[in-house]
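In our numbering, the protein residues as written are 71 to 397.
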């Protein structure tokens with residue numbers, strides 16, 4: 071029997087979750103290199119926010135319960151110095167999701183002290199989430215969290231990312247992408263969660279379109295890859311067939327400051343101003359839209375002041391008028 075025919079597909083269920091990274095977390099599954107695993111995950115709220123929730127749920131939200139991960143999976147023959155190759159084969163989202171502004175959380179937390187919650191209907195057939203009657207967001211599912219156990223002993227929050235992955239919230243980790251993570255402990259101990267239906271680069275308000283997800287991943291141990299000391303990934307080529315909307319270009323807003331974080335905040339603040347002035351949104355709506363559809367990028371970081379851009383694709387808007395100062 072050849073290696074390919076010996077590989078199998080197995081499953082991790084919603085009940086097989088944990089809230090801390092630890093190399094002492096007992097694995098729920100043991101697999102071999104080349105095997106495929108399906109993961110049924112609930113959303114990043116850990117079920118605290120539901121399809122019928124209203125704004126009152128934010129008042130009782132327990133951050134200690136947020137960002138559950140599902141696993142861990144022990145991969146035979148994975149040893150420190152190796153890399154774990156994770157092929158993202160398929161990502162299936164629920165028919166609903168949520169985005170929230172939570173007091174004290176997000177890039178502009180000091181400017182948005184009040185709670186806001188948006189429950190989305192996700193039209194998986196058409197491939198869109200409707201923001202309002204003039205703005206729709208293409209669905210681009212990905213797992214916000216994929217990671218391994220670190221070598222250090224102890225229990226660690228699932229919220230911050232680390233060199234072995236975790237809550238990276240990288241929108242490029244969608245179906246067709248291959249992720250490589252450095253193995254620091256025997257068996258690697260892989261877990262994942264935090265399904266997103268769509269997100270901009272930056273997730274600036276602190277949440278994307280959060281949703282339950284079924285993920286299908288294939289694992290391969292790459293021996294002696296000591297140069298992989300942080301998450302690496304390779305995306306698949308995008309073709310016009312994969313684009314759900316015709317490209318209409320992007321509108322970008324820049325933030326300038328000697329401090330990189332302050333320049334980033336300015337880029338987002340200026341984007342919010344543009345959206346409020348030209349798209350008829352409230353500041354809270356503009357902040358959430360920037361989080362699920364706006365992309366942050368460093369334009370330059372060498373000329374004393376940093377230049378950060380935030381851009382939005384113009385094809386999400388029904389209107390053809392996208393000037394900063396419309397007549």
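The C-beta atom is built at its ideal place from N, Cα and C for all residues, glycine as well. Source: prediction; values computed, not measured.
Taking a contact to require three or more Cβ pairs closer than 8 Å, the segment 285 to 297 and the segment 153 to 164 qualify as touching. Here residue 369 has 324, 377, 378 and 379 as same chain residues with Cβ atoms under 8 Å from its own Cβ, once five neighbours each way along the sequence are excluded.
Inter-residue distance for residue 318 and residue 332 is about 30 Å (C-alpha atoms, whole angstroms).
DSSP, reduced to helix, strand and coil, places residue 149 outside both helices and strands of the structure shown, so it counts as coil.
In the structure shown, residue 353 adopts helical secondary structure according to DSSP, grouped into three states. Put simply, the segment 238 to 257 touches the segment 196 to 212. At least three CB pairs are less than 8 Å apart. Rounded to the nearest whole angstrom, the C-alpha separation of residue 200 and residue 255 is 43 Å. For a cut-off of 8 Å, the C-beta gap from residue 251 to residue 235 is around 5 Å, short enough to register as a contact. In terms of CA proximity to residue 220, 261 leads the group 125, 261 and 241.
Look at residue 344 here: in three-state DSSP terms it is helix. One alpha carbon belongs to residue 120, the other to residue 296, and they sit about 43 Å apart. If the five residues before and after residue 231 are omitted, its C-beta is found closer than 7 Å to the C-beta atoms of 237 and 238, all from its own chain and listed in chain order. Here the alpha carbon of residue 83 sits roughly 14 Å from the alpha carbon of residue 265. Within the model, the alpha-carbon separation for residue 116 versus residue 137 is close to 7 Å. For residue 358, the secondary structure class from DSSP, reduced to helix, strand or coil, is helix. When the Cα atoms are used, residue 207 and residue 367 turn out to be separated by approximately 20 Å. Inter-segment contact for the segment 95 to 108 and the segment 137 to 153 is present: three or more beta-carbon pairs are separated by less than 8 Å. Residue 322 is bridged by DSSP to 381. Excluding sequence positions up to five before and after residue 172, its CB lies within less than 7 Å of the CB of 128, 131, 185 and 276, all in the same chain and listed in chain order. By the C-beta density criterion, residue 308 is exposed, having fewer than 16 other C-beta atoms within 10 angstroms. Rounded to whole angstroms, the gap between the alpha carbons of residue 163 and residue 155 is 23 Å. The bridge partners DSSP lists for residue 157 are 248 and 288.
By alpha-carbon distance to residue 385, the top candidate from 353, 279 and 198 is 198.
Note on geometry: alpha-carbon atoms of residue 364 and residue 349 lie some 15 Å from one another.
Contact between residue 269 and residue 278 is confirmed by a C-beta separation of about 3 Å, below the 8 Å threshold.
Counted as a single uninterrupted DSSP element, the stretch harbouring residue 128 is not any beta strand (DSSP E) but the alpha helix (DSSP H) occupying residues 126 to 129. When the beta-carbon positions are compared, residue 104 and residue 289 come within less than 9 Å of each other. Across the set 169, 340, 108 and 344, the C-alpha of 169 shows the shortest separation from the C-alpha of residue 124. Shortest Cα-Cα distance from residue 315 to any of 321, 196 and 354 involves 196. With contacts defined by Cβ atoms closer than 9 Å, residue 224 and residue 92 form a contacting pair.
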